[in-house]
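Numbering (the UniProt record's numbering), first residue to last: 1 to 387.
Cβ atoms here follow ideal geometry from the backbone N, Cα and C, with glycine treated the same way.
The structure appears right after this line, and notes come after that.
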Amino acid sequence: MESLKGSGSMGNFMSKAKPYASMIFLQFGFAGMYIITSLCLKKGLSHYVLVVYRHVAATIAIAPFAYFMERKVRPKMTLSVFIKIAILGFLEPVLDQNLYYVGMQYTSATFSSAMYNVLPAITFILAIILRREKIQIKKIPSQAKVLGTVVTLGGAMLMTLYKGPVLDLVWSRGQAHHTATGGNGHNFVKGTIMLFASCFSWAVFFIVQSFTLDSYPAELSLATLVCFMGIIEGGAVALVMERNVAAWAIGLDTRLLAPIYSGIVNSGMAYCIQGMVMKERGPVFVTAFNPLCMIIVAFLGSIILGDEISLGRVIGAVIIVLGLYAVVWGKSKDPIGSLAPELPSVDKKKGMSELPMTGIIESEKTNMGGGDEYTLNGISGKGAINI
């Protein structure tokens, strides 16, 4: 019995830890994408072309899994679901990614990843407006989520408005630093605005994805379709913006690695994992782990890319982390699967579920005597039944 209890508690722990481990894994994947795509764009690959190639790689990688693993459970496509998928294909693959890449070119990979820490706050606000997040302001967890959102936005504003002295880090001494302003304050402001618009687009994507999963609960198939729509819509934008055929050329370097890596890890796998976690924990939980990515990118960016780290950015980042910790703590107190349809309520006094009587019982005979067969809530049985 003790071994059974031990295995049960271990299984319960693993079930609770899986959403956290999945999102932490994704942050390492996103950190790699920030570094690799920054190097790729510096080599001259157009960000419009990168978006198209990225989703080609993602579609090729996950389409076989979606076809074989979900062919028996895949819902039928409806016009409403198709429109939502088309919107998703524009919001993240086209609008969010292109705005992000331009914003990163005007600032830096480190600053871009830090700015994306406002994503949970924006998602939280939109989720409240669209009733995907429940707030009970008299309860401490809800107060923590609201306060954490305000603190996060304050930290992001501090990072943008105050730079401070550049920190002399041991591993970055002797390197040629890439400043976050790119030598032009106007470009820095423009890049910041683009990054904020990119965050807003991604936040809307998460909200629309949560609504879409309600009517199309097949994560792999949905991810494949979103990536495919990203190819079509992103390709149309790229053909208009990049009319030079040479812009579509890639080499055996980061210009090839970036679309393959970001397509498989940050589009294909990310859409699937985010969808699965979102069904259980909601869109705010999915976006609440970005500070980890910022720390990884700041460390790698200063070593590989020579990005400078200033005091203002560090103070702002610490404030953002504290705010997001409050949001995550508040979310941890929410009931698991709060977005799922509510189960029948239980009457504790009677010790039974309050179920509607209409359509529950289908009897083969009017008189349910001792040997009559019946079906109760989908469970077949034989014998007398008292109602």
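Along the chain, where does the alpha helix (DSSP H) containing residue i start, and where does it finish?
| i | result |
| --- | --- |
| T110 | A109 to M115 |
| E70 | Unbroken run through E70: none, as it is neither H nor E. |
| V94 | Run containing V94: none; DSSP gives neither H nor E here. |
| P259 | T254 to Y261 |
| M294 | N290 to L300 |
| Q136 | Neither: Q136 is in no alpha helix (DSSP H) and is coded neither H nor E. |
| R281 | A270 to R281 |
| L305 | Note, L305: premise wrong, no alpha helix (DSSP H); not H, not E. |
| A127 | L119 to I129 |
Using the beta-carbon count (16 or more within 10 Å), is residue i buried or exposed?
| i | result |
| --- | --- |
| F200 | buried |
| I140 | exposed |
| V284 | buried |
| I360 | No answer about I360 holds up, because its pLDDT of 38 lies below 50 and its placement is not dependable. |
| A246 | exposed |
| K43 | exposed |
| N244 | exposed |
| Q274 | buried |
| A180 | Residue confidence for A180 is low, a pLDDT of 48 falling below 50, so the modelled location carries little weight and cannot support an answer. |
| V49 | buried |
| Q27 | buried |
| V208 | buried |
| T366 | Any reading at T366 must be qualified, since the residue scores a pLDDT of 43, below 50, and its modelled position is unreliable; the value itself is stated next. Exposed: under 16 other Cβ atoms inside 10 Å. |
| S198 | buried |
| M241 | exposed |
| V73 | exposed |
| S210 | buried |
| N290 | buried |
| S9 | exposed |
| F90 | buried |
| K138 | exposed |
| P120 | buried |
| D214 | exposed |
Using DSSP with H/G/I as helix, E/B as strand and the rest coil, what is residue i?
| i | result |
| --- | --- |
| D214 | helix |
| K331 | helix |
| T37 | helix |
| N266 | helix |
| E242 | coil |
| M77 | coil |
| residue 390 | Lying before the first or after the last residue shown, residue 390 is absent from the chain, which here runs from 1 to 387. |
| K43 | coil |
| G191 | helix |
| A17 | helix |
| I250 | coil |
| T181 | Reliability of the predicted coordinates at T181 is poor, the pLDDT of 46 falling under 50, and the value obtained from them is presented with this limitation in mind. Coil at T181, not helix or strand. |
Could you name the residues that DSSP lists as bridge partners for residue i?
| i | result |
| --- | --- |
| S310 | V166 |
Kindly indicate if chain C contains any beta-carbon less than 9 Å away from that of residue i.
| i | result |
| --- | --- |
| L167 | Of the chains in the structure shown, none is chain C; there is only one protein chain. |
Answer yes or no: the CB of residue i versus the heavy atoms of the ligand FMN, is any distance below 8 Å?
| i | result |
| --- | --- |
| S198 | Among the ligands in the structure shown, none appear at all, so the ligand FMN cannot be discussed. |
Report yes or no: do the region 223-241 and the region 10-25 share at least 3 C-beta pairs separated by less than 8 Å? The region 223-241 vs the region 10-25: no contact.
Any chance the region 101-108 sits against the region 52-61, with 3 or more Cβ pairs inside 8 Å? no
Across the region 227-237 and the region 81-95, are there enough close Cβ pairs to call them in contact, namely three or more that are closer than 8 Å? With the cut-off at 8 Å, the region 227-237 and the region 81-95 touch.
How about the region 247-259 and the region 71-91: do they share at least three Cβ pairs that are nearer than 8 Å? no
Any chance the region 127-144 sits against the region 322-334, with 3 or more Cβ pairs inside 8 Å? Judged by Cβ distances under 8 Å, the region 127-144 makes contact with the region 322-334, as three or more pairs qualify.
Looking at C-beta atoms only, is the number of pairs between the region 29-38 and the region 286-299 that lie closer than 8 Å three or more? The region 29-38 and the region 286-299 touch, with no fewer than 3 CB-CB distances between them shorter than 8 Å.
Please determine if the region 301-317 and the region 149-169 are in contact, where contact requires at least 3 C-beta pairs separated by less than 8 Å. yes
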